[in-house]
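K.L.:
If you scroll down you'll find the structure; I have some questions about it.
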DNA sequence: AAAAACGGCAACCGAATGGTTGCGTGTGCG
DNA sequence: CGCACACGCAACCATTCGGTTGCCGTTTTT
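Put into structure tokens, the structure is as follows:
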């Protein structure tokens with residue numbers, strides 16, 4: 001049996017997770033590679049800890065961050081794969097468009 | 001006066017628009033460059049015309065498609081800019097991550 | 001041992017979403 | 001002219017979303 005397909009990338013949940021300013025800000029902060037606790041992240045935010053928790057769970061659900069409990073705190077860390085996949089997805093859309101444009105130009109120009 | 005800044009790109013609405021499977025499918029179909037009418041798009045979809053209309057308006061709101069009325073039908077066409085901007089945004093996130101990884105490695109390795 | 005910090009769980013709330021149906025209107029065709 | 005097609009608008013509905021508050025358990029700190 002062929003080795004298990006890497007669970008084909010599903011773009012919609014990732015884009016949905018990125019589609020919120022708060023989550024986007026969280027991800028940007030975490031993308032410096034440093035894991036942070038929920039309280040740490042909530043410290044310089046006007047939102048509640050629980051609100052942050054919910055957002056972090058959404059990001060986790062999309063695979064954009066991972067969580068690990070350590071003692072009394074839960075640290076969240078950036079995970080790069082989904083972003084790469086999303087980039088690749090947009091690349092394909094772009095490529096299809098470029099192809100279409102190319103064909104159109106050669107049609108118009110003769 | 002310096003020429004007007006190109007209205008700084010706001011990523012969240014674009015990602016939000018992409019965060020729905022139906023919309024993603026619509027955009028993919030339109031990214032072949034051919035404008036299509038609402039009825040045309042609704043034809044091979046299990047959804048209602050109005051449902052499609054709403055999704056198309058969302059895409060339009062994010063700048064991902066443009067609409068133009070022609071006679072009795074409204075044609076929607078793919079617009080590439082937001083996708084490029086979104087790609088660039090993800091590139092920056094990726095780059096920040098790569099930088100962080102680089103610094104971490106040099107720290108660990110000496 | 002007591003207090004404080006970190007966080008999970010559940011309930012609740014208003015607003016936004018995704019979808020539907022019904023109706024009215026402009027456009028095009030026979 | 002008259003009918004059918006392609007839409008826009010509005011109302012309505014169930015569900016999800018973003019956010020809050022309150023409470024309880026566990027891990028640190030003092």
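Chains as they are written, first to last, in the numbering used here: chain A, 1 to 110; chain B, 1 to 110. Even glycine gets a Cβ: it sits at the ideal position worked out from N, Cα and C.
Here's the rule: buried if 16 or more other CB atoms are within 10 angstroms of the residue's CB, otherwise exposed. What is residue 26(B)?
P.N.:
With 16 or more Cβ atoms within 10 Å of its Cβ, residue 26(B) is classed as buried.
K.L.:
Give the DSSP bridge partners of residue 76(A), in chain order.
P.N.:
In DSSP, residue 76(A) forms a bridge with 36(A) and 67(A).
K.L.:
Against residue 35(A), what residues of chain B qualify as contacts under a CB-to-CB distance less than 9 Å, listed in chain order?
P.N.:
In chain order: nothing, as chain B lies at least about 11 Å away.
K.L.:
Do residue 17(B) and residue 62(B) have their C-beta atoms closer together than 8 Å?
P.N.:
Contact flag set, yes.
K.L.:
Give a yes or no on contact between the region 82 to 90 of chain B and the region 82 to 94 of chain A, applying the rule of three or more CB pairs nearer than 8 Å.
P.N.:
Yes: the two stretches touch, three or more of their Cβ pairs being nearer than 8 Å.
K.L.:
Determine the extent of the alpha helix (DSSP H) in which residue 19(B) is found, giving its start and end residues.
P.N.:
Here residue 19(B) belongs to no alpha helix (DSSP H), and DSSP marks it neither H nor E.
K.L.:
Which bits of chain B does residue 58(A) rub up against, with CB to CB less than 7 Å?
P.N.:
Simply none; closest approach about 11 Å.
K.L.:
What does residue 93(B) touch in chain A if you count any residue whose Cβ is under 8 Å from its own?
P.N.:
Neighbours of residue 93(B) on chain A, chain order: 27, 28, 31 and 83.
K.L.:
Does the CB of residue 90(A) have a neighbour CB from chain B at under 8 Å?
P.N.:
Yes, residue 90(A) lies at the interface with chain B (some Cβ there is under 8 Å from its Cβ).
K.L.:
For residue 22(A) versus residue 38(A), is the C-beta distance shorter than 8 Å?
P.N.:
No. Outside cutoff.
K.L.:
Starting from residue 51(A), trace the alpha helix (DSSP H) both ways and give me its first and last residue.
P.N.:
Looking at the DSSP string, the run of the alpha helix (DSSP H) that includes residue 51(A) is 49 to 61.
K.L.:
Nearest by alpha-carbon distance to residue 36(B): which of 56(B), 7(B), 51(B) and 47(B) is it?
P.N.:
For the residues 56(B), 7(B), 51(B) and 47(B), the minimum Cα distance to residue 36(B) belongs to 56(B).
K.L.:
Determine, using beta carbons only, whether residue 52(A) comes closer than 8 Å to chain B.
P.N.:
By this cut-off, residue 52(A) is not an interface position.
K.L.:
For residue 99(B), name the three-state secondary structure that DSSP assigns.
P.N.:
Helix, per DSSP.
K.L.:
Quick one: list the residues of chain A neighbouring residue 15(B), beta-carbon separation under 7 Å, in chain order.
P.N.:
In chain order: 15, 18 and 19.
K.L.:
Whose C-beta lies closer than 7 Å to the C-beta of residue 30(B) among residues of the same chain, with five residues either side of it excluded?
P.N.:
So the qualifying residues of the chain are 36, 65, 76, 77 and 78.
K.L.:
Could you check if residue 19(A) is buried or exposed, using at least 16 other CB atoms within 10 Å of its CB as the buried criterion?
P.N.:
Buried: at least 16 other Cβ atoms inside 10 Å.
K.L.:
By how many angstroms is the C-alpha of residue 47(B) removed from the C-alpha of residue 43(A)?
P.N.:
Their backbone Cα atoms lie some 44 Å apart in a straight line.
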